[in-house]
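Asker:
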Amino acid sequence: MKIAVAMSGGVDSSTAAYLLKSQGHDVVGLSMQMYDNLGNADTTYGGCCTIDDLADARRVAWRLEIPHFTLNLEANFHDKVVTPFVQGYLAGTTPSPCVLCNTHVKFDLFHQKAIAIGAEKIATGHYARITREDGSFALRKARDLAKDQSYFLFELSQAQLAEALFPLGELTKPEVRGIAEEAGLSVARKKESYEICFVPQKDGYPAIVEREAGIAPGEHAGEIVDVDGNVVGTHDGYYHFTIGQRRGLDLGGSAERTYVVDVNPFTKRVVVGSASALERDELVAQRVHWIAGAPPSGPIEVQARVRSRMADVAAMVTPLDGDRARVSFAQKLRGVAPGQAVVFYQADLCLGGGWITR
């Protein structure tokens, strides 16, 4: 079978390519150039897809004796990922660009490119599993729950799952590194990246927002207020803040830890309060996607996750009109942020999810 592997230059995708090649498949390595590396040569990024990463991918492909090509997906990535990211912060929400990248770039445009060169399936280094039951495909958590990435894949459709492979789904991270070392892959001990790939390490995401939106210094400055409306400080731009944030407030004068509890783009006010002010036991999500294809006929019990690194929490999901749903939690959660994804599970089965609105 001809399989196109999305090679980022990291140990995971490199090992995925090695495993598929070892199984006798006709493997082609495809790397994605997501942003202008040459035009930002003096900028250090914290994620994948840098010039060095692309070079690592080429070296691994050479080692595996498989063809390798780099796809320039800058325009699509900008439109589908960077622009919504900027719009999200300007709207006072907290974007989740990695989900958008998977949905619109890796499993859409990348897939189209792979099919164009004759590939029958695509494969990535994601830690997740795909199973087939009763004629339909299911997305499941990885065996290594500490590395599970199913949260970022909740928008995948039946058609996308049918043509995708996750070779690492049954492996742990140490096992993957061990396989890479035995195979002589140069990236076997390469450090992992947890940062957003297109955000500069030095300046952070506000620099992206300012550059893309053409924001002048102080243009979105405003007040920091407590939950009672009392002014307790000022800020240089409300888009510097996200719900649940503690760092960067520098308010002083309070023995209690202070968190961002709301960001209002219309008044340019950032509201702060105690940890208890962050607590929520219910949310409404829009653009809810059910991997099986159709929504449930009524309320269902699930385990829900509102951030990628948070634990699952027991919840009841009630479908609403259109593509919305109400999610009621069995306990109060902190830091439920509009713009983030809420993903639904039953045991290790990912049912789907949606985008938090309130």
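Numbers 1 to 358, taken from this note's numbering, label the letters of the sequence shown in order.
Cβ atoms here follow ideal geometry from the backbone N, Cα and C, with glycine treated the same way.
#1: Which residues in the same chain as Leu38 place their Cβ atom closer than 6 Å to its Cβ, once the five residues preceding and following it in sequence are excluded?
#2: Count the other C-beta atoms from every protein chain shown that fall within 10 angstroms of the C-beta of Pro338, then say buried if there are 16 or more, exposed otherwise.
#3: Between His25 and the rest of its own chain, which residues show a CB-CB distance below 6 Å, the 5 nearest in sequence each way excluded?
#4: Closest to Met34 by CA distance: which of Ala341, Ile196 and Tyr259 is it?
#5: Does Asp42 pass the burial test, meaning 16 or more other C-beta atoms within 10 Å, or should it be called exposed?
#6: Following the continuous beta strand (DSSP E) through Glu120, name the residue where it begins and the one where it ends.
#7: Given this structure, state the Cα-to-Cα distance separating Glu170 from Lys147, to the nearest angstrom.
#8: Rank Ile117, Arg247, Leu54 and Gly125 by C-alpha distance to the C-alpha of Asp12 and give the top, closest one.
#9: Quick check on the burial criterion: 16 or more other C-beta atoms within 10 angstroms. Buried or exposed for Gly293?
#10: If you draw a straight line from the alpha carbon of Leu161 to that of Asp236, how long is it in whole angstroms?
#11: Can you tell me the Cα-Cα spacing of Leu64 and Arg334, whole angstroms?
#12: Please give the ranges of any beta strand (DSSP E) in the stretch 18–88, keeping only runs that are unbroken, at least 3 residues long and fully inside the region.
#13: Does the Cβ-Cβ distance between Gly352 and Ala285 come in under 8 Å?
#14: DSSP beta-bridge partners for Ser136?
#15: The beta strand (DSSP E) with His381 in it runs from where to where?
#16: Return the Cβ separation of Gly121 and Cys350 in integer angstroms, given the expectation that the two are a contact with Cβ distance under 8 Å.
#17: When you compare the CB positions of Ala57 and Leu168, do they come within less than 8 Å of one another, or not?
#18: Within this structure, are the beta carbons of Arg309 and Gln340 separated by less than 8 Å?
Answerer: The answer reads as follows:
#1: If you number the sequence shown from 1, residue 38 lands on position 38. Note that Leu38 scores a pLDDT of 46, beneath 50, so its modelled location is shaky; the value from the coordinates is reported in the next line. Once the five neighbours on either side are set aside, Leu38 has no close Cβ partner at all.
#2: The count along the sequence shown starts at 1 and reaches residue 338 at position 338. Buried, by the Cβ-count rule.
#3: Stepping through the sequence shown from its first residue, residue 25 is reached at position 25. Around His25: Met1 and Ile3.
#4: By 1-based counting over the sequence shown, the position of residue 34 is 34. Comparing Cα-Cα distances from Met34 to each of Ala341, Ile196 and Tyr259, the minimum goes to Ile196.
#5: Reading the sequence shown from its first residue, position 42 is the one you call residue 42. Any answer about Asp42 is weak, because its pLDDT of 45 lies below 50 and its placement is not dependable; what the coordinates show is given next. Under this definition Asp42 is an exposed residue.
#6: The residue given as residue 120 occupies position 120 in the sequence shown. Glu120 -> no beta strand (DSSP E), and no H or E assigned at all.
#7: Position 170 of the sequence shown, counted from the start, is the residue given in the question as residue 170. Position 147 of the sequence shown, counted from the start, is the residue given in the question as residue 147. Each residue's alpha carbon lies about 11 Å from the other.
#8: Locating residue 12 in the sequence shown gives position 12, counting from the first residue. Nearest option by C-alpha distance: Gly125.
#9: By one-based count along the sequence shown, residue 293 stands at place 293. Flag for Gly293 reads exposed.
#10: Reading the sequence shown from its first residue, position 161 is the one you call residue 161. Reading the sequence shown from its first residue, position 236 is the one you call residue 236. Cα to Cα, the separation comes out at about 44 Å.
#11: The residue given as residue 64 occupies position 64 in the sequence shown. The residue given as residue 334 occupies position 334 in the sequence shown. Distance between the alpha carbons of Leu64 and Arg334 is about 46 Å.
#12: 26–33 and 68–72
#13: In the sequence shown, residue 352 corresponds to position 352, counting from 1. In the sequence shown, residue 285 corresponds to position 285, counting from 1. Their beta carbons are not under 8 Å apart, which means Gly352 does not touch Ala285 by this criterion.
#14: Here residue 136 refers to the residue found at position 136 when the sequence shown is read from its first residue. Paired residues: Glu133.
#15: One cannot answer for residue 381 here, as it falls past the ends of the chain, which runs 1 to 358.
#16: Here residue 121 refers to the residue found at position 121 when the sequence shown is read from its first residue. Here residue 350 refers to the residue found at position 350 when the sequence shown is read from its first residue. Note that residue 121 is Lys in the sequence shown, not Gly. About 20 Å separates the two Cβ atoms, so there is no contact after all.
#17: Taking the sequence shown and counting its residues from 1, one reaches residue 57 at position 57. Taking the sequence shown and counting its residues from 1, one reaches residue 168 at position 168. Not in contact: Ala57 and Leu168 (Cβ atoms no closer than 8 Å).
#18: For the purposes of this step, residue 309 is taken as the residue at position 309 of the sequence shown. For the purposes of this step, residue 340 is taken as the residue at position 340 of the sequence shown. Contact flag unset, no.
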